[in-house]
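A.B. asks: Quick one: this structure, given as structure tokens, is what I'll be asking you about.
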Amino acid sequence: MGRDRVESKEIDRYSIWSTGMKLLINGISQSDVSKLPNSDALLRGDGLFETILAIDDKPVALDRHLARLERSADKLQITLPASIDIKVGISNLLEAQTGQSKVRLVVLSDGNWFISAEPLVENAQSISLAKFSDPINSKSGLAGIKSISYGLSLLAVRKAKQLGFDDSIFIN
Numbered sequence: 000m001g002r003d004r005v006e007s008k009e010i011d012r013y014s015i016w017s018t019g020m021k022l023l024i025n026g027i028s029q030s031d032v033s034k035l036p037n038s039d040a041l042l043r044g045d046g047l048f049e050t051i052l053a054i055d056d057k058p059v060a061l062d063r064h065l066a067r068l069e070r071s072a073d074k075l076q077i078t079l080p081a082s083i084d085i086k087v088g089i090s091n092l093l094e095a096q097t098g099q100s101k102v103r104l105v106v107l108s109d110g111n112w113f114i115s116a117e118p119l120v121e122n123a124q125s126i127s128l129a130k131f132s133d134p135i136n137s138k139s140g141l142a143g144i145k146s147i148s149y150g151l152s153l154l155a156v157r158k159a160k161q162l163g164f165d166d167s168i169f170i171n
């Protein structure tokens, strides 16, 4: 909740599951998140992700997202599913979609992978940001990688909320 604003119950920016979400796990369409694999990699945050905008049934800049995912996977020694499997999975999830959607692709170090797609909800409200100045190691093995290990990012959000802000921005 921002300093001079009322709390909004419309959107939970930090929830990764929502109603209306479509889910594909290891190439198979699933009806709910309870089908996610019992995976040490998922529990430990050992994996990569990409979040992709889709307009109607078309992902935007998909090849660029997949190229970045491949660079990150090489750096972390994670084997990716075949690119065609990812593309077919995204296409299946976006079939008959209209409007803007958020597609999230997650690849785990143990070989499991999943894709979710959900409609984007427009939020016209502004957000307030706090500076998060804890040290960030820009030379670490995770630098420049979209890792599912989100501990530091979530700590930054909690600290921002304690100060009356919605979110934080990292200062390096």
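Reminder that position 3 of the sequence shown reads as 2 in numbering that gives the first Met the number 0, one-by-one numbering, no gaps. Beta carbons: idealized from backbone N, C-alpha and C, even for Gly.
1) May I have a chain-ordered list of the beta strand (DSSP E) segments no shorter than 3 residues that lie completely inside the region 58–117?
2) For S90, which of V59, S108, L79 has the nearest alpha-carbon?
3) Tell me the DSSP bridge mates of L119?
4) Apply the 10 Å Cβ neighbour rule to V106 and answer buried if 16 or more other Cβ atoms are within range, or exposed otherwise.
5) Under the three-state reduction of DSSP, which class applies to S146: helix, strand or coil?
6) Measuring CA to CA, which of D62, I51, S167, S108 is closest to Q99?
7) Please name the residue, chosen from V32, N37, I27, that lies closest to D109 on a Cα-to-Cα basis.
8) Any heavy atom of the ligand HEM closer than 7 angstroms to the Cβ of P36?
C.D. replies: The answer reads as follows:
1) If we require 3 residues or more, the beta strand (DSSP E) runs fully inside the region 58–117 come out as 99–107.
2) Within the sequence shown, residue 90 is the residue found at index 91, counting from 1. The candidate whose alpha carbon is nearest that of S90 is V59.
3) Reading the sequence shown from its first residue, position 120 is the one you call residue 119. According to DSSP, L119 bridges with nothing at all.
4) Indexing the sequence shown from 1 puts residue 106 at position 107. The residue in question, V106, is buried, as its Cβ has 16 or more Cβ neighbours within 10 Å.
5) Walking along the sequence shown from the start, residue 146 turns up at place 147. In the three-state reduction of the DSSP assignment, S146 falls in the strand class, which pools E and B.
6) On the sequence shown, residue 99 is found 100 positions in, with the first residue counted as 1. Proximity to Q99 across D62, I51, S167, S108 peaks at I51, based on C-alpha coordinates.
7) Within the sequence shown, numbered from 1, the residue matching residue 109 stands at position 110. The shortest C-alpha separation from D109 is found at N37.
8) With respect to the ligand HEM, the structure offers nothing, as it holds no ligand at all.
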